[in-house]
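Everything below concerns the one structure shown next.
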Amino acid sequence: MSASKTRLRWPDVAKGLSIVGVVLLHVSLAVPEGMETTAAHINRILDPLRMPLFFMVSGFFSAKVFGFTFKDLFLRRLWFFLVPYVVWVPIELWFKFREWNLYDGKEMPGISRYIEHIVEGRNMYWFLYALVIFNIVLWLTRKLPWWAGVLVGFAPILILPLHADQHMIGKAVLYLPAFLLGAHLRQHIRHFAETATSLRHLTRGTILYAAGFSLAAVWAWWNTVSDVSFAWPLPFAETVGFVDLRLIVNSFVQLLMLPMAVIVAVLLARIPVVVDVLSFLGRHTLVIYLGHPIALTVLYHYNMRGWDLPITRGADNALHETALWMTIGMVISALGSLALWLVTRIPYARWSVMPPQLGAAYRRPASTRGETIAATTTASVTSR
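My numbering puts the first residue of the sequence shown at 15, with every later residue one more than the last.
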């Protein structure tokens, strides 16, 4: 495969790798003792690369908003995140609430509960909500120099204590820096990917990954030998503890590991078959993400809770083996993804996943200012 094709395909490979990790995580959490399997352990090693890599690539492709007006931003960007979010969140929640109603005796909630989950981003599709917020923040940083734009990504740390009550604050602490970095350093990232397997980049990527791993290890050790608690100098809390500070530590760990994540994506993009599979999955991230949680709820949780089947690792009966149900869970996730893809083949129904372009956006010629500004804001970085 030529270098140019690799450069074009690595972002899709990165998204494909991310979505495989997400689905595997959800299946591992659903199946009893699933988090103790080898697959889950491997996925846990990739944990710092999964969603950060997804958001960095999303930011990489969002640099165009630098040239948008706010109207452009809504019509040509936010609209396509908001529609599937508003349509599919209530559907996914209804199936989950129905499970709790059937097997836990909980009452089905009223519409206010759905609105609460949508507005606060407390649902399986929070990443769409995050992309809306992150794109607005990115647009607001469009006139800042690259370093200031990236620095804005750390602003949610200022309201860190609120994350316990506001779900999206924690997500912003973790992933907004990677998203803004992907947009403001787009040209630098592109150049890095072009020469990702050079000795210099491999060395740098390895050192940074080792630094991130060491930081995570030291943090985990520190938590075992002392009660982590610090005075908080800003509003909303007097002290912060392990759960709060872990978000900040994880954010920096992820950023340190991102260069290696790009290197891995570039290397995978050079492997026949693997590149085709991951690129295919990367191009269908949305239907996979929307479809697999609903399928797991309906086809796995409904049935397993009804059967009350004991599942464990090393079971004498193969039907009770964790590995078997992990495999079944992945198949169910694939079926759910296929079902959502089929929805996109149905006229009008497809708009719930892929909404039509609004008239004003259709009439407006595509702007090239975003690419120009993205290149300008990163010029000082890439000129080395």
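Note that CB positions come from ideal geometry on N, CA and C, so glycine has one too.
In chain order, what residues of the same chain lie with their CB nearer than 6 Å to the CB of residue i, ignoring the 5 residues before and after it?
{"i": "Val267", "result": "Pro62, Gly226, Leu229, Ala230"}
{"i": "Leu87", "result": "Val79, Trp153"}
{"i": "Trp233", "result": "Val263"}
{"i": "Leu222", "result": "Leu270, Pro273"}
{"i": "Arg398", "result": "Reliability of the predicted coordinates at Arg398 is poor, the pLDDT of 33 falling under 50, and the value obtained from them is presented with this limitation in mind. Hits under 6 Å: none found."}
{"i": "Met138", "result": "Glu106, Pro307"}
{"i": "Ala279", "result": "Trp24, Val27, Ala28"}
{"i": "Leu67", "result": "Ala28, Ser32, Ala275"}
{"i": "Arg319", "result": "Tyr117"}
Per DSSP, what are the beta-bridge partners of residue i in this structure?
{"i": "Gly255", "result": "Ser243"}
{"i": "Thr326", "result": "Glu335"}
Quick one: grab the DSSP three-state call for residue i.
{"i": "Glu121", "result": "coil"}
{"i": "Glu47", "result": "coil"}
{"i": "Leu372", "result": "coil"}
{"i": "Val367", "result": "coil"}
{"i": "Lys110", "result": "helix"}
{"i": "Ile360", "result": "coil"}
{"i": "Ser126", "result": "helix"}
{"i": "Phe250", "result": "coil"}
{"i": "Thr155", "result": "coil"}
{"i": "Met138", "result": "coil"}
Could you tell me which of the options sits nearest to residue i, measuring between CA atoms?
{"i": "Trp140", "options": "Pro104, Glu121, Asn57", "result": "Pro104"}
{"i": "Ile150", "options": "Val287, Leu89, Gln371", "result": "Leu89"}
{"i": "Ala251", "options": "Val280, Ile173, Ala283, Ala210", "result": "Ile173"}
{"i": "Val97", "options": "Leu216, Pro324, Tyr143", "result": "Tyr143"}
{"i": "Pro191", "options": "Ser265, Ser293, Ile129", "result": "Ser265"}
{"i": "Leu39", "options": "Asp241, Thr341, Arg204", "result": "Thr341"}
{"i": "Arg260", "options": "Trp236, Ile59, Val166, Met49", "result": "Trp236"}
{"i": "Thr253", "options": "Leu282, Gly167, Leu176", "result": "Leu176"}
{"i": "Ser212", "options": "Leu281, Val36, Val146, Ser240", "result": "Leu281"}
{"i": "Ile277", "options": "Pro46, Phe206, Val345, Arg64", "result": "Phe206"}
{"i": "Val37", "options": "His131, Ala54, Pro286", "result": "Ala54"}
{"i": "Ile171", "options": "Phe84, Asp179, Ala178, Ile183", "result": "Ile183"}
{"i": "Met344", "options": "Tyr314, Ile325, Thr358", "result": "Tyr314"}
{"i": "Ala178", "options": "Ile59, Tyr189, Glu134, Gly124", "result": "Glu134"}
{"i": "Met65", "options": "Glu121, Thr238, Ser347, Gly296", "result": "Gly296"}
{"i": "Leu399", "options": "Val45, Leu43, Gly35", "result": "Past the boundaries of the shown model lies residue 399; the chain is included only from 15 to 398, so the question cannot be answered."}
{"i": "Tyr99", "options": "Phe256, Val146, Ile203, Gly373", "result": "Val146"}
Among residues of its own chain, excluding the 5 on either side of residue i, which ones have a beta-carbon nearer than 7 Å to its beta-carbon?
{"i": "Ile387", "result": "Bear in mind that the predicted position of Ile387 carries a pLDDT of just 46, short of 50, making it unreliable; the figure below should be weighed with that in mind. Hits under 7 Å: Phe80, Gly81, Arg156."}
{"i": "Pro379", "result": "With a pLDDT of 47 at Pro379, under the threshold of 50, the modelled position of this residue cannot be trusted, and the question is left open."}
{"i": "Leu338", "result": "Ala332"}
{"i": "Val472", "result": "Because the chain here runs from 15 to 398, residue 472 falls outside it and cannot be looked at."}
{"i": "Val312", "result": "Phe109"}
{"i": "Phe168", "result": "Pro191"}
{"i": "Trp246", "result": "Pro175, Glu252, Thr253, Val254"}
Under 9 Å between C-beta atoms, does residue i make it to chain C?
{"i": "Met70", "result": "Of the protein chains in the structure, only one exists, and it is not chain C."}
Can you list, in chain order, the residues of its chain whose CB lies under 8 Å from that of residue i, leaving out five sequence neighbours each side?
{"i": "Leu94", "result": "Residue 94 is actually Phe in this sequence, not Leu. So the qualifying residues of the chain are Met368, Pro369."}
{"i": "Thr209", "result": "His215"}
Notebook entry, point to check: What are the uninterrupted segments assigned as alpha helix (DSSP H) that are 4 or more residues long and contained completely in the region 159-216, given in chain order?
Noted result: List check, alpha helix (DSSP H) in window: 160-166, 181-198, 200-208.
Margin query: Suppose only complete runs of 4+ residues qualify. What are the alpha helix (DSSP H) ranges in the region 20-83, listed by chain order?
Written below: Unbroken alpha helix (DSSP H) stretches of 4 residues or longer found wholly inside the region 20-83: 52-59, 61-74, given in chain order.
Check: Which residue spans inside the region 263-304 form an unbroken alpha helix (DSSP H) run of at least 4?
Finding: Taking only runs of at least 4 residues, the alpha helix (DSSP H) segments lying wholly in the region 263-304 are 288-297.
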